[in-house]
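Since the structure comes first, as structure tokens, the remarks are kept for the end.
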Amino acid sequence: MNKVITAPDIKARKGSKPIAMLTAYDYPTARLVEKSGIDLILVGDSLAMVVLGREDTLSLTVDEMLHHVKAVARGCERALVVADMPFLSYEPDVAEAVRNAGRMLKEGGARAVKLESASGVLPQVRAIIAAGIPVMGHVGLTPQRVAELGGFKVQGREGPAADRIVEEARALDQAGCFAIVLEAIPADLAARITAEVGAPTIGIGAGPRCDGQVLVYHDVVGLFDRFVPKFVKKYADVSVDLVAALTAYREEVEAGTFPDADHSFGTIPAA
Ligand code: KIV
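Position in the sequence shown (first residue = 1) + 1 = my numbering.
Below is the structure:
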């Protein structure tokens with residue numbers, strides 16, 4: 002087996018080899034993602050939208066997340082599995098945040114957690130790290146704050162808003178995050194943050210000057226078309242092959258040509 006990737010390994014990649022991260026939400030996908038050589042797998046709360054068909058991520062529960070984290074962890078031998086902390090599983094209370102983060106490792110099999118924003122949650126970040134759980138930060142467009150942000154919009158276009166995001170990234174870096182996601186911010190702002198923080202930055206819609214990139218699996222392979230942001234690059238359109246396969250199956254069943262002798266036991270009686 003290849004070397005198991007740890008949070009310190011990811012942190013040490015700053016300024017050397019760019020980090021490719023992808024989401025996964027189930028066992029077969031985790032196996033495919035790991036086979037592709039990807040070192041960092043996020044069980045993102047985007048699960049609520051791309052797998053469960055919800056409008057946003059807010060309703061996702063800790064138990065729902067855990068169900069998917071367990072499946073992904075079973076599919077990974079080498080990659081570092083990061084579990085997203087669902088909305089309100091860490092904000093209200095430090096002890097509750099540590100307990101919920103701990104469940105992602107103890108029950109889920111993840112080896113790190115991610116939580117969104119820095120404002121109001123730095124004590125939680127410090128306490129989770131103090132409990133021995135690596136934390137990935139997330140600033141810029143933080144979908145769990147979609148109501149406050151007024152929609153899924155690019156953040157930090159103006160000076161004060163940009164400065165606030167830099168401050169949040171610095172605070173998360175100082176709190177000990179092993180990596181920080183920068184979502185939907187201008188490329189020059191992402192470059193500035195990347196230069197200022199010690200943790201590797203992982204961009205999504207944050208331009209090429211980050212230490213790594215992350216995309217949602219369903220966007221990359223063409224399995225989700227309800228909403229496709231500008232920053233998404235579709236590397237395949239597997240939905241075309243899937244629909245063709247499912248249609249061929251239906252047609253063969255309806256025509257009576259499946260199952261044939263190759264896919265049956267014993268002798269097939271004449272019709
Ligand atoms: O939930 C998610 O998939 C994420 C990534 C977009 C970073 O948080």
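Note that CB positions come from ideal geometry on N, CA and C, so glycine has one too.
Selected residue, minimal CA-CA separation from residue i, among the options
{"i": "tyrosine 91", "options": "Leu116, Tyr28, Cys77, Val83", "result": "Leu116"}
{"i": "histidine 139", "options": "Asp212, Cys178, Arg127", "result": "Cys178"}
{"i": "methionine 137", "options": "Met22, Thr58, Asp261, Val254", "result": "Met22"}
{"i": "phenylalanine 153", "options": "Val122, Val215, Pro230, Tyr26", "result": "Pro230"}
{"i": "proline 144", "options": "Arg14, Thr58, Lys4", "result": "Thr58"}
{"i": "alanine 8", "options": "Val215, Val114, Thr30, Glu97", "result": "Val114"}
{"i": "aspartate 212", "options": "Thr24, Asp94, Thr195, Thr248", "result": "Thr195"}
{"i": "tyrosine 218", "options": "Thr268, Glu35, Asp64, Ile6", "result": "Glu35"}
{"i": "leucine 173", "options": "Ser118, Ala13, Ala207", "result": "Ser118"}
{"i": "valine 95", "options": "Arg112, Ser120, Gln125", "result": "Gln125"}
{"i": "proline 93", "options": "Cys77, Gly121, Phe266", "result": "Gly121"}
{"i": "glutamate 97", "options": "Val147, Glu78, Val82, Val63", "result": "Val63"}
{"i": "proline 201", "options": "Ala207, Ile181, Pro209", "result": "Ile181"}
{"i": "glycine 16", "options": "Glu197, Val99, Lys4", "result": "Glu197"}
{"i": "alanine 49", "options": "Val244, Gly208, Pro87", "result": "Pro87"}
{"i": "leucine 224", "options": "Ser265, Leu53, Gln214", "result": "Leu53"}
{"i": "valine 215", "options": "Asp226, Lys234, Glu78", "result": "Lys234"}
Beta-bridge partners of residue i, as assigned by DSSP
{"i": "glycine 138", "result": "Ile181"}
{"i": "alanine 246", "result": "DSSP output for alanine 246 lists no bridge partner at all."}
{"i": "glycine 204", "result": "Leu183, Gln214"}
{"i": "leucine 48", "result": "Looking at the DSSP assignment, leucine 48 forms no beta bridge with any residue, so it has no partner."}
{"i": "aspartate 64", "result": "BP columns for aspartate 64 are empty, so no partner."}
{"i": "alanine 21", "result": "Gln214"}
{"i": "aspartate 85", "result": "Lys115"}
{"i": "isoleucine 42", "result": "Leu23, Val82"}
Inter-residue CB distance, residue i and residue j (contact presumed, cutoff 8 Å)
{"i": "alanine 80", "j": "methionine 66", "result": "Incorrect: roughly 18 Å between the Cβ atoms, too far for contact."}
{"i": "glycine 103", "j": "isoleucine 134", "result": "7 Å"}
{"i": "phenylalanine 232", "j": "isoleucine 203", "result": "With 8 Å as the limit, phenylalanine 232 and isoleucine 203 do not qualify as a contact, their Cβ atoms being about 13 Å apart."}
{"i": "leucine 123", "j": "alanine 176", "result": "6 Å"}
{"i": "valine 99", "j": "alanine 74", "result": "Not confirmed; about 20 Å, so no contact."}
8 Å Cβ cutoff, residue i in contact with chain C
{"i": "glycine 177", "result": "The structure shown contains no chain C; it holds only a single protein chain."}
Is it true that the segment 184-192 meets the segment 142-160, where meeting means three or more beta-carbon pairs spaced less than 8 Å apart?
-> yes
Can at least three beta-carbon pairs, one atom from the segment 101-108 and one from the segment 61-72, be found at a separation below 8 Å?
-> yes
Any chance the segment 34-45 sits against the segment 164-171, with 3 or more Cβ pairs inside 8 Å?
-> Of all C-beta pairs linking the segment 34-45 to the segment 164-171, fewer than three are shorter than 8 Å, placing the two stretches out of contact.
Touching by the beta-carbon criterion (3+ pairs, under 8 Å), the segment 41-54 and the segment 231-244 | no
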